[in-house]
Each structure stands twice: as C-alpha cells, then as structure tokens.
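Student:
Number of protein chains: 2
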Amino acid sequence: MTAPPHGARTPGAPEELPNTQQGMRRRNLSRVLRTVATDGPLSRASVASRIGLTRAAVSTLVDELIRSGLLEELGPERPGRVGRPCSALAVSSRGPAGIGAEVGVDHLAVCAMDLRGEVRARVRRQAANRGRPPEAVLKELASLVRQVGRDAERDGLRPAGLSVAVPGLVARGTHTVVSAPNLDWHGVDVDAHLPTGLSLTVDNEANFGALAELWLGDVPEDFLHVSAEIGIGAAVVVDGRLLHGSRGFAGELGHVPVHPEGPACACGGRGCLEQYAGEEAVLRKAGLAAGPRRVALLAERAAEGDEAVRRALYGAGAALGIALTGAVNLLDPQAVVLGGALSRLAPWLLPSLARELGDRTTGPGCDVTVSTVGSDGPLLGAAQSVVRAVLDDPAGVTGPDRGGLAALDR
Amino acid sequence: MTAPPHGARTPGAPEELPNTQQGMRRRNLSRVLRTVATDGPLSRASVASRIGLTRAAVSTLVDELIRSGLLEELGPERPGRVGRPCSALAVSSRGPAGIGAEVGVDHLAVCAMDLRGEVRARVRRQAANRGRPPEAVLKELASLVRQVGRDAERDGLRPAGLSVAVPGLVARGTHTVVSAPNLDWHGVDVDAHLPTGLSLTVDNEANFGALAELWLGDVPEDFLHVSAEIGIGAAVVVDGRLLHGSRGFAGELGHVPVHPEGPACACGGRGCLEQYAGEEAVLRKAGLAAGPRRVALLAERAAEGDEAVRRALYGAGAALGIALTGAVNLLDPQAVVLGGALSRLAPWLLPSLARELGDRTTGPGCDVTVSTVGSDGPLLGAAQSVVRAVLDDPAGVTGPDRGGLAALDR
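Heads up: the protein sequence lines correspond to chains V and W, in order.
Okay, so the first sequence: first residue is 1 according to this note's numbering, each after it adds one.
Okay, so the second sequence: first residue is 1001 according to this note's numbering, each after it adds one.
Structure representation (structure tokens):
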C-alpha cells in the first residue's frame, strides 16, 4: 500500500504509533482517554483495573490528559464504602472538537462535535451544487466551516480537524475527488479550495455514513452499509474498520452486475444494480418524473397503496437482494444495514430483498436492518472521525500546530 | 467480534500483544527477528538503524533471540571500511519449524518449514478421502504429521505448531469444519481426531493458498485469490491481511449469482458461478465425463485445439469475469490472482474473463495474474502460517509448553 501523502489521513484507520517508550506512552494516553470516553465517568482506580496498568501509571497519564484539557474531574465524592474520597473523571466538554462537513447535491452542512460525541454547533444551507463550479461550492463551504468553528470556540471548544463527506470517489490517502458524477466534479482537489487551516480529511459520504452507524448506531463490528440518494452507495466495515480498497474505491455496489445482459449503464457495464434500484430507474418504473423530494414522493405514494410504485420498489428490492447475495457470500458480514433514502423506503423494499437473499444464501444468512442514525449519518460520521483521531492519539492534538483559533483565522 | 476460544488461532492475524513493558519487549523481539528474516543477513547496527532502536537495545534483544535458538551468528567478518569486525545475523536453520498439512479429496500431504521459509521435510500420499470416515482420514494424517515431525527433529528443528488446510468452511476461531461437501464432512472437530500435541490451526484451503501467494508469491498487499479444484474457492486479502468474515466464511465466490434466473444450485440459489465455471459444469459443456485427472485432461484437449473444450472454457471465463466484476467493485483490490486448477487453464479462461471485467469496470480496473506458487499453495501457506506466528511473537515459542519432541510423542 502506498503511504498517504503528508497531511492526508484515512478515516477510521488509527495511525500506527512507533514502538518506543514515547510511542507506548502515547498509546497508553489513548487507552485511558478512550476508556473514560466509552465507560466514564470513572475513578482512576476503575480506569487502572480496566486497562491493566498500575494506579500510579494511570494517575500520571490522567494528570497529563487533564493538563491538556482532554479530561476533567467532576469533583470529590465519597463512595459508599471505606477509603479516601475519589474524584470521577469525565471527557472534557471544553476540549478539542471535530468539525464535520458535507457537500450534497442540493445542500451544504457543517457541524462541530465535542469529545463526548455531542453536536455543539451546526449549520445547514440549501444550495444547488450540481454543475456549479467546485471553487464556488467549496468557498461557500469554507465560510460555513469558519462560522461553525467560531461558534464552537465561543462555547469553549477548540477545532482539532475537518472531515468533508462528498458524494463521489476520493483517491485513497488524498484530498482529491476523482469523480462525483452527480456534482459533475472530476479531479477536484478539495484542499486547494478549502483553506481553513485545519487538518483535512476527505472521503466518500457512504464511508462516513458507515462510520456513523458503527460509532453512533446499533450495528455489529462487521457489516455492509447500503445507502442511496441519487446513486447507490455502499461501505464495508470489517472488524470495526472501514475497508477502503487499494485506490479508495471499495463499496461500489451500484455497479455490481445483477442481470448481465440487462440495459447499458453509464459506467460502461450492463445490467448494473443502479439500472434496477437507482432512483431514476425506480421513478421511471413507477411512472413518476424525476424532480425534487423524489424519495419522499415514492414513500408517500407507496404508503397510500399506489400499485405501480409498490411494484417498482418490489423490483428494486429484488435486485438489491441479488446484488447483496454476492456481497454477503464474499464478505460474510454479520449484518446488512440500509441507510439514506433506502431507510425511508425499507417497508416496501425489504420483503423482496430478504426473500432473494434468504433463498440464495445458505446457513443462517445475514441480518438485514434499517439505519438508526438517519440521513445525518455522513455529516456526523465526518465530525466523529476527527473526534476518534483525537481519542486514538491524544498527544497529537497538544502540539503547537494542531488547529485552534489561529488556524481558523488564517 | 467474538474472541476465539483458547488454543484456536486465526491464521494471518497477528495476536495483539499487551501494551506494557513486557508487551513492548515482545513486540521488539518480533521486529528484530522479522527484520533479519526479511532482509538478513544483517549486522546488529543495520538492524538497529532499520527499526529505529538504539544499538544497545537491539543487542539485548538479539542476545535473547540467539539464546532461544531463533537467530544465529554467521561468524566475524571485517567490512571493507574501518571499524571493529562485526558478525552478521541470520535466522536460525535449526530453530522452530512450522508443520503444514493438507486434506485433499484424493490426497493427504504434510510438510515442515523452517524459519527461513525452506521446506525441510515433506510427505504426500494418495488417498480416496471422499466419503471416508473423518476419523480414519485424520488418523492417517496424524501419522504423517508424526513422521514429518520426527524427520524435522532429526534435522535439528523443533515443531512449533500445526496448521491444517481443508476443502471446506471452518467456523472462525475454532477447529470445526462446518461443511466440506466434496469430502462429505459436516461438523467435524479436527482437534478431537488429530491428537498430535501441537498447537493447532484449521482453515479453508483457499485461505491458506492466498496466504502462500502473499508470503511466497509475487502479489500486492490487496488481492482477490481465486482457485478451483472441484468447487470454486476464493480468498480476500486486504492490506496484507486475510479477510475471514464474521463466521469465517468469507470468499464464497462460487455462489455469487451470475445469471439470477439460471440453473438451480445445490446451495439453494440459482445461476451461481459454479453452475458455469465449476469443474462439473465445464466438463459437461465440453462433453467430457467426470473422472480423475479432469483438469489435466481439459488443459490437454484445449491445447490440442478441441473446439468444444475451448468453448466451455471461454464460457467459464466469461462467467468468472461477471462474478469478479461484482467482487472488484466491492473490494477494489490491486489484483485478481488465479490459482489452483485455474492457473493451468488460464490461457483459455483469461481472454473472456478479462473482456468481461474490462468492459464492466470503469477506470484503470484491476490486474488479473496467474499464481506463481502453484498447486502446493495451501500446504505451504499452512506451514508458513506457523512460521509467521513465531516471527510475530518469538517470545511465545520459548515457553515450556510450546511444541517440541515431548509434544509430538504424546
């Protein structure tokens, strides 16, 4: 694997720290911080017993995390048994914040999330981005990032990095959108047009959506996340880690051949899943014109009992089931999670989808569930990926060049 | 992910060592040993500069590895420049050995591999294993394991573990073959019938075959390994690690739907890849009866220009291309590697396979190459997986309970 260029991070993949005393200290700082983030508030003694280090070693690490503003003490309390009073530790509500941003076909959104996972500032603006020059889109996004960053700082937070979700393919370990057909972007370097001064990560919206399911939703460690807006996107999570693929293009479920002799697809193939379950195909089969609020319209009509719409969704579900059979056979995930527009349409997609998958796979098969995170997944996953990077290497944010007001005002 | 039960290891996945001084020492022992194994012979100073530790720290680690019989000194030599004479280090030819074993439909094989990756003892025996009681098959295998173990010990080696490749699905982290249809095995606990006293790992032959490609062949870190004997097997390697799937069943390419309305398959699906590219299907289309040396026969006839055989292989290649399009779209590997019987038939499969894959995938696509390891892949991969486990945690083999003569003679 080629190493990513300096400054480009792969979301969901903790950096490997060197195997030295210094590296061990950094790893142990992370273990303490993650333990408190996951299970806190906790006493020093509880942290020590959970991670198998001595109480003295944990106290030294905790003191460093408090000095860096990543942990805070909730004040002394006397437990219901004998012994010294102890102070419970919690992750700071005034420490570093992750800034997440989303470029949609018809909107822009930015939020700031604290180390506890709470969204502390957010903004969303309608914008007709399809065909608009990328420079203009990203200039507007940069101003929203600055606005949210200032709101977060007024609230005592310190922006620690920016992750941007885009509806397209991003070359692994770069800031370059190779192709985002629904925006008409090709080879757009996001870094060049988004000068916020924050450490930047760019990735596909389906990937950030899957990370949001993993971190904020109710999913197992191995799952396939399938979502749809205009195209069909998917992301593969294995052992709690996102699978990016060698070029960063993994998860292209929309162009899996479903009926190999089927209609030609813009990708060059024939009978791809998008020809049966993509938004345009479903609208056409349902006898509806393309237009705004398309998914809402499909859901309303299906709920009202419109037979043509129900038939179109039934066919889309069957095509999804065939494509997912191949994916489940190859990857053996614990679950398939339907997100994005698919979660709204799930009642009418699921019967045929589950039937195909059940008939075509052996053994106990694979659960099919509907996202609990909702349509904010990509935005929240982007912000959370910055938070995770801090939790994975807290020493990395305490250096001189890591975000903060000065960076934002550059 | 559920932790594997005690004693069952997942091949190709280094165990995570605890993050303590002791864990750091063990990791650094491994780094020294792996550096010499990969790049040796090397001086202590060269090892130190490669792994970024001080020369003094490396010397302490090297001394421990020499005492444990894992490294050896090749004797003093004076380099062509000023300075003290130094002694080059090499991985020991008399240290621990990995024992690999393979249960085939018509053969059994066992080999012993030293830490340098050299096969030092091996045995192969024809055996009609299809339908034979698993106890009898494994009893015969155990006697071959003891024979190879004794040969290795006479040669100064110390068996450090046993890995067994089987043509079936193995439940992740267990020794249980859930299903091996071509052996007629269902729910066979290999451990219960293979009492060699050695630490045991059991996995699918395609998985060990893929590890052999990774470790001994000429493949990138991200690839899809496709092989065939009677069924079609595949294995997915991502960032140099085998993807097992949640239950251990990943890589079931043979049951990816190629023509969803096609012929019924024993798996319960319709139009699976095996219905077009499995051995039986190809023989039937070629007008040949099933029987021994079937693949050799196909290759001979195709080479002689037999039109029916060539047409059958062309069709099989096209079906492989359609199934691989879905796999490449989902996983974005750097390469697809054809192994097992497919490597012998590659000249007649590749044209249609590459055409389908090329027409149906966008961008630079994905290289399709033929295995350089050959049909011994699963056996060599099994033995090498034990060797890798020693290289990944050399401290683990120096304890009292780790293999050796006493274990073999139990």
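Ideal placement from N, C-alpha and C gives every residue a C-beta, glycine not left out.
Remember, predicted model here, so these are calculated numbers, not experimental data.
Whole angstroms are fine: how far does the CA of C1265(W) sit from the CA of G381(V)?
Tutor: As a working note, residue 381(V) is residue 381 in the first sequence. As a working note, residue 1265(W) is residue 265 in the second sequence. G381(V) and C1265(W): Cα-Cα distance of roughly 40 Å.
Student: Check for me: the alpha helix (DSSP H) holding L1298(W) runs from which residue to which?
Tutor: On the second sequence, residue 1298(W) is found 298 positions in, with the first residue counted as 1. Residues R1294 to E1304.
Student: Taking the C-alpha atoms as reference points, what is the distance between E413(V) and G1326(W)?
Tutor: The structure shown does not extend to residue 413(V), since chain V spans only 1 to 410, so no value can be given for it.
Student: How many angstroms separate the CA atom of S1227(W) from the CA atom of V1328(W)?
Tutor: Taking the first residue of the second sequence as 1, we reach residue 1227(W) at position 227. Taking the first residue of the second sequence as 1, we reach residue 1328(W) at position 328. Their Cα atoms are separated by approximately 16 Å.
Student: Alpha carbon to alpha carbon, how far is V137(V) from D184(V)?
Tutor: Looking up residue 137(V) in the first sequence gives position 137. Looking up residue 184(V) in the first sequence gives position 184. Their Cα atoms are separated by approximately 12 Å.
Student: Among all the DSSP beta bridges, which residues are the ones paired with H255(V)?
Tutor: Numbered from its first residue, the first sequence carries residue 255(V) at position 255. Per DSSP, none; premise fails for H255(V).
Student: For I232(V), which of V145(V), L141(V), D306(V) and L324(V) has the nearest alpha-carbon?
Tutor: Within the first sequence, residue 232(V) is the residue found at index 232, counting from 1. With distances taken between Cα atoms, I232(V) lies closest to L324(V).
Student: Just to confirm my understanding: we take R31(V), look at its own chain, exclude 5 residues before and 5 after, and list those with CB closer than 6 Å. What are they?
Tutor: Numbered from its first residue, the first sequence carries residue 31(V) at position 31. So the qualifying residues of the chain are I51.
Student: Can you tell me which of R122(V), V368(V) and V282(V) puts its alpha carbon nearest to the alpha carbon of A112(V)?
Tutor: Locating residue 112(V) in the first sequence gives position 112, where the first residue counts as 1. Nearest of R122(V), V368(V) and V282(V) to A112(V), Cα basis: R122(V).
Student: Could you tell me which residues DSSP puts in a beta bridge with L1194(W)?
Tutor: On the second sequence, position 194 is the one that residue 1194(W) refers to. In DSSP, L1194(W) forms no bridge with anything.
Student: Measure from the C-beta of A1037(W) to each C-beta in chain V and report whether the shortest distance is under 8 Å.
Tutor: Numbered from 1 along the second sequence, position 37 holds the residue referred to as residue 1037(W). Cβ-Cβ to chain V under 8 Å: no for A1037(W).
Student: Does the Cβ-Cβ distance between G1095(W) and R1158(W) come in under 8 Å?
Tutor: The sequence position of residue 1095(W) within the second sequence is 95, counting from 1. The sequence position of residue 1158(W) within the second sequence is 158, counting from 1. Yes, the pair counts as a contact, with Cβ atoms nearer than the cut-off.
Student: Whose C-beta lies closer than 6 Å to the C-beta of T372(V) among residues of the same chain, with five residues either side of it excluded?
Tutor: The residue labelled residue 372(V) in the question sits at position 372 within the first sequence. Within the same chain, T372(V) has close Cβ partners G217 and D218.
Student: P134(V) and V170(V) - do their beta-carbons sit closer together than 8 Å?
Tutor: In the first sequence, counting from the first residue as 1, residue 170(V) sits at position 170. In the first sequence, counting from the first residue as 1, residue 134(V) sits at position 134. Taking 8 Å as the Cβ cut-off, V170(V) and P134(V) do not qualify as a contacting pair.
Student: DSSP state of I1230(W), grouped into three classes?
Tutor: Within the second sequence, the letter at position 230 stands for residue 1230(W). In this structure, I1230(W) counts as coil in the three-state DSSP scheme.
Student: So, is the C-beta of M1024(W) closer than 8 Å to a C-beta in chain V?
Tutor: Here residue 1024(W) is taken as the residue at index 24 of the second sequence, counted from 1. It does; some Cβ of chain V falls within 8 Å.
Student: Closest to S1375(W) by CA distance: which of E1205(W), P1333(W), L1330(W) and R1247(W) is it?
Tutor: Translated into the one-based positions of the second sequence, residue 1375(W) becomes position 375. If we check each option's Cα against that of S1375(W), E1205(W) comes out closest.
Student: If I follow the unbroken alpha helix (DSSP H) through V164(V), where does it start and stop?
Tutor: The count along the first sequence starts at 1 and reaches residue 164(V) at position 164. Segment R158 to V166 is the beta strand (DSSP E) holding V164(V); no alpha helix (DSSP H) there.
Student: Starting from the beta carbon of F249(V), find every residue of chain W whose beta carbon is closer than 7 Å, and list them in chain order.
Tutor: Here residue 249(V) refers to the residue found at position 249 of the first sequence. Those are D1332, listed as they occur along chain W.
Student: Between F208(V), P333(V) and E102(V), which lies nearest to E221(V) when the distance is taken from Cα to Cα?
Tutor: The residue labelled residue 221(V) in the question sits at position 221 within the first sequence. Nearest C-alpha to E221(V): P333(V).
Student: Counting only the same chain and skipping the five closest in sequence on each side, list residues whose C-beta sits under 6 Å from that of G254(V).
Tutor: For this step, residue 254(V) is matched to residue 254 along the first sequence. So the list reads G231, I232, L273 and E274, once near-sequence residues are dropped.
Student: Is the region 381-395 of chain V touching the region 89-108 of chain V, taking contact as three or more C-beta pairs under 8 Å?
Tutor: yes
Student: Under 8 Å between beta-carbons, which chain V residues line up against L1253(W)? List them in chain order, please.
Tutor: Here residue 1253(W) corresponds to residue number 253 of the second sequence, with the count starting at 1. Those are N329 and L330, listed as they occur along chain V.
Student: Return no unless some Cβ of chain V is closer than 8 Å to the Cβ of I1322(W).
Tutor: Locating residue 1322(W) in the second sequence gives position 322, where the first residue counts as 1. Closer than 8 Å to some Cβ of chain V, the Cβ of I1322(W) qualifies, so yes.
Student: Once you ignore the five residues that flank G1340(W) on each side, which residues in its own chain have a CB closer than 6 Å to its CB?
Tutor: On the second sequence, residue 1340(W) is found 340 positions in, with the first residue counted as 1. Contacts found: S1227, A1228 and E1229.
Student: Cutting at 6 Å between CB atoms, please list the residues of its own chain near P1390(W), excluding the five before and the five after it.
Tutor: Mapped onto the second sequence, residue 1390(W) falls at position 390. Per the sequence shown, residue 1390(W) should be read as Val rather than Pro. Same-chain partners within the cutoff: P1096, A1160 and V1397.
Student: Please report whether the beta-carbon of L1269(W) lies at a distance below 8 Å from any beta-carbon of chain V.
Tutor: Mapped onto the second sequence, residue 1269(W) falls at position 269. Checking the sequence shown, residue 1269(W) turns out to be Gly, not Leu. Chain V, which has a Cβ nearer than 8 Å to the Cβ of G1269(W), makes this yes.
Student: Pull up the DSSP beta-bridge partners for P1096(W), would you.
Tutor: To locate residue 1096(W), count along the second sequence from 1; it is residue 96. Paired residues: R1158(W).
Student: For a test of the three-state rule: what should DSSP assign to N129(V), helix, strand or coil?
Tutor: On the first sequence, residue 129(V) is found 129 positions in, with the first residue counted as 1. Of the three classes helix, strand and coil, the one that applies to N129(V) here is coil, per DSSP.
Student: Just to confirm my understanding: we take P1260(W), look at its own chain, exclude 5 residues before and 5 after, and list those with CB closer than 8 Å. What are they?
Tutor: For the purposes of this step, residue 1260(W) is taken as residue 260 along the second sequence, with counting starting at 1. If we look at P1260(W) and ignore the five residues flanking it on each side, its Cβ neighbours are R1270 and G1271.
Student: Contact criterion: CB-CB distance below 8 Å. Does D359(V) meet it with respect to chain W?
Tutor: Numbered from 1 along the first sequence, position 359 holds the residue referred to as residue 359(V). Any Cβ of chain W closer than 8 Å to the Cβ of D359(V) would place that residue at the interface, and such an atom is present.
Student: Just checking: is the beta-carbon of V1238(W) within a distance shorter than 8 Å of some beta-carbon in chain V?
Tutor: For the purposes of this step, residue 1238(W) is identified with residue 238 of the second sequence, where counting begins at 1. Output row for V1238(W): interface = yes.
Student: For Q384(V), is the classification buried or exposed, using 16 other Cβ atoms within 10 angstroms of its Cβ as the cut-off for buried?
Tutor: Your numbering for residue 384(V) matches position 384 in the first sequence. Buried, by the Cβ-count rule.
Student: Is any beta-carbon of chain W found at less than 8 Å from that of D189(V)?
Tutor: Your numbering for residue 189(V) matches position 189 in the first sequence. No - not a single Cβ of chain W is within 8 Å of the one on D189(V).
Student: Is G1245(W) close to chain V? Criterion is C-beta to C-beta, closer than 8 Å.
Tutor: Taking the second sequence and counting its residues from 1, one reaches residue 1245(W) at position 245. Interface residue, yes.
Student: Where does R1320(W) fall in DSSP's three states?
Tutor: The count along the second sequence starts at 1 and reaches residue 1320(W) at position 320. One detail in the question is off: residue 1320(W) reads as Leu in this sequence, not Arg. L1320(W): helix per DSSP, three-state reduction.
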